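Participant:
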């Protein structure tokens, strides 16, 4: 099999899935989430870089005990729109109460140093606590594949990447993720524009590759931890007729019964808004239940911004019986939203 045949195999699987998997959801939105706090660029101080950010948004989140780690995307200028990913910590109870240090200290962890990040940097972390440290899926925006044929900053590839840190947040490894037939180092490997990844059980992951000529779907697969090759990809969620595309919004949250809860987003055709529902999954990523939209942009702070009508999910936490959704607001700020877990799960209909 050639690389082009591998890509065509994925496309054919996507086409078959699209032909049979639509019609599960309607455009109904039932917003269950309370707005807890917004954190804008004026609220933070970046300790290890001399400039002030113009936008602080789309943060990954990890909860350790009563402390939340935030990994926001930072943009300091709008000429080339290059991004870095920072790190901040604070007690979760303070975050939920809106008691934010003024300013909130942030340190940059990830910034463009490699060719695959060299155009627009490092974007949109999904964060995980892993043995020996932390792991962040993120999007590197730079030169890979055909984009390497020119030095034009208008031509780039957005590629799913993984950064691993030790307990002290020292970077151990970062690299782009390839798509293959297996996780072995030998054999075919394909760089596809890919985003929206999170770990499930073991080597199982969720991810969202983009295939030319087809709308974006939500997929599951497996990831070899050594080679960083994703394989055994299977589509899980298709866009409905009222959506342009769908993607995974947050990290997958393990529930007490061993299943996983993850937010997904759809981009609506009638207003371009990002709206979020929830899916329940097996540890391997098989779909068990699905909700309609339970979170959507409301009011001036969420509907206006650098990107109107955009709530972009990154972090999903459980605090007691309360579900905490941490995301970007309008591509300029961080938003924190909460809803009772029981009420969310009531609306996740078994598949």
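Numbering (the numbering used here), first residue to last: 158 to 508.
Cβ coordinates follow ideal geometry from the N, Cα and C atoms, glycine included.
Computed from a predicted structure; not experimentally measured.
(1) Specify, as a first and last residue, the run of the alpha helix (DSSP H) that residue 166 falls within.
(2) Shortest alpha-carbon distance to residue 331 belongs to which of 295, 365, 324 and 498?
(3) Quick one: what's got a C-beta closer than 7 Å to residue 478's C-beta in the same chain, skipping five residues either side?
(4) Do residue 167 and residue 390 have their CB atoms nearer than 9 Å?
(5) Between the region 342-361 and the region 402-415, can you find at least three pairs of beta-carbon atoms closer than 8 Å?
(6) Taking the beta carbon of residue 196 as the centre, do at least 16 other beta carbons fall within 10 Å, making it buried, or is it exposed?
(7) For residue 401, which residues from the same chain have a beta carbon less than 7 Å from its beta carbon, with the 5 sequence-adjacent residues on both sides left out?
(8) DSSP has residue 497 in a bridge; who is on the other side?
(9) So residue 363 packs on residue 405, CB below 8 Å; how close in whole Å?
(10) Specify the secondary structure class of residue 306 as computed by DSSP and reduced to three states.
(11) Counting along the chain, where does the beta strand (DSSP E) carrying residue 239 start and finish?
(12) What would DSSP say about residue 457, mapped onto helix, strand or coil?
(13) Please state whether DSSP places residue 254 in a helix, a strand or coil.
(14) Quickly, what does DSSP pair residue 399 with across the bridge? List them, please.
(15) Go ahead and pull the three-state DSSP assignment for residue 326.
(16) Could you tell me whether the Cβ atoms of residue 438 and residue 419 are closer together than 9 Å?
(17) Any chance the region 260-269 sits against the region 199-215, with 3 or more Cβ pairs inside 8 Å?
(18) Measure the C-alpha to C-alpha separation of residue 163 and residue 304 and round it to an integer number of angstroms.
(19) Just the Cα atoms here: how many angstroms apart are residue 255 and residue 194?
(20) On the DSSP bridge list, what partners appear for residue 447?
(21) How would you call residue 298, buried or exposed, if buried means at least 16 neighbouring beta carbons within 10 angstroms?
(22) For residue 466, which three-state DSSP category applies?
(23) Between which two residues does the beta strand (DSSP E) carrying residue 383 extend?
(24) Spatial neighbours of residue 149 within its chain, please: CB distance less than 7 Å, with the 5 preceding and 5 following residues excluded, ordered by chain position.
(25) If we ignore side chains and look at the alpha-carbon of each, how far apart do residue 484 and residue 215 end up?
(26) By Cβ distance below 7 Å, which residues in the same chain neighbour residue 442 in space, the five residues on each side in sequence not counted?
(27) By DSSP, does residue 190 sit in helix, in strand, or in coil?
(28) Which of helix, strand or coil does DSSP assign to residue 280?
(29) If residue 504 and residue 448 are in contact, beta carbons under 8 Å, what's the gap, nearest whole angstrom?
(30) Confirm, please, whether the CB-CB distance from residue 433 to residue 451 is below 9 Å.
(31) Count the other CB atoms, across all protein chains shown, that sit within 10 Å of the CB of residue 280; report buried if there are 16 or more and exposed otherwise.
Facilitator: Working from what's here:
(1) For the purposes of this step, residue 166 is identified with residue 9 of the chain shown, where counting begins at 1. From DSSP, the alpha helix (DSSP H) with residue 166 extends over 160-177.
(2) In the chain shown, the residue the question calls residue 331 occupies position 174. Nearest option by C-alpha distance: 295.
(3) Within the chain shown, the letter at position 321 stands for residue 478. Closer than 7 Å at the Cβ level, and outside the excluded window around residue 478, lie 497, 498 and 499.
(4) Walking along the chain shown from the start, residue 167 turns up at place 10. Walking along the chain shown from the start, residue 390 turns up at place 233. Yes, these two residues count as a Cβ contact at 9 Å.
(5) yes
(6) On the chain shown, residue 196 is found 39 positions in, with the first residue counted as 1. Label assigned to residue 196: buried.
(7) For the purposes of this step, residue 401 is taken as the residue at position 244 of the chain shown. The answer, listed in chain order, is 372, 424 and 426.
(8) Counting from 1 along the chain shown, the entry for residue 497 is found at position 340. Answer by DSSP bridge pairing, in chain order: 479.
(9) Here residue 363 is taken as the residue at index 206 of the chain shown, counted from 1. Here residue 405 is taken as the residue at index 248 of the chain shown, counted from 1. Their Cβ separation, rounded to whole angstroms, is 5 Å, which keeps residue 363 and residue 405 in contact under 8 Å.
(10) Against the chain shown, residue 306 aligns to sequence position 149. Here residue 306 sits in helix by DSSP.
(11) As a working note, residue 239 is residue 82 in the chain shown. Neither: residue 239 is in no beta strand (DSSP E) and is coded neither H nor E.
(12) On the chain shown, position 300 is the one that residue 457 refers to. In this structure, residue 457 counts as helix in the three-state DSSP scheme.
(13) Numbered from its first residue, the chain shown carries residue 254 at position 97. Three-state DSSP puts residue 254 in a helix.
(14) Here residue 399 refers to the residue found at position 242 when the chain shown is read from its first residue. Beta-bridge pairing links residue 399 to no other residue.
(15) Against the chain shown, residue 326 aligns to sequence position 169. In this structure, residue 326 counts as coil in the three-state DSSP scheme.
(16) Locating residue 438 in the chain shown gives position 281, counting from the first residue. Locating residue 419 in the chain shown gives position 262, counting from the first residue. A contact, by the Cβ cut-off of 9 Å.
(17) yes
(18) The sequence position of residue 163 within the chain shown is 6, counting from 1. The sequence position of residue 304 within the chain shown is 147, counting from 1. Roughly 20 Å separates the two Cα atoms.
(19) As a position in the chain shown, residue 255 is number 98, starting the count at 1. As a position in the chain shown, residue 194 is number 37, starting the count at 1. Straight-line Cα distance between these residues: approximately 5 Å.
(20) Taking the first residue of the chain shown as 1, we reach residue 447 at position 290. Answer is 436 and 506, bridged to residue 447.
(21) Residue numbering aside, residue 298 sits at position 141 when the chain shown is read from its first letter. Buried.
(22) Position 309 of the chain shown, counting from 1, holds the residue named residue 466. Coil.
(23) Counted from its first residue, the chain shown places residue 383 at position 226. First-last for residue 383: undefined, no H or E at that position.
(24) Missing from the structure shown is residue 149; the chain here goes from 158 to 508 and no further.
(25) Taking the first residue of the chain shown as 1, we reach residue 484 at position 327. Taking the first residue of the chain shown as 1, we reach residue 215 at position 58. So the alpha carbons of these two residues sit roughly 5 Å apart.
(26) Your numbering for residue 442 matches position 285 in the chain shown. 357, 361, 363, 377 and 393, listed in sequence order.
(27) Looking up residue 190 in the chain shown gives position 33. Residue 190: coil per DSSP, three-state reduction.
(28) Reading the chain shown from its first residue, position 123 is the one you call residue 280. Here residue 280 sits in strand by DSSP.
(29) Against the chain shown, residue 504 aligns to sequence position 347. Against the chain shown, residue 448 aligns to sequence position 291. Correct: roughly 4 Å between the Cβ atoms.
(30) Here the question's residue 451 lines up with position 294 in the chain shown. Here the question's residue 433 lines up with position 276 in the chain shown. Going by C-beta atoms, residue 451 is nearer than 9 Å to residue 433.
(31) The residue you call residue 280 lines up with position 123 of the chain shown. Its Cβ being crowded by 16 or more others within 10 Å, residue 280 is buried.
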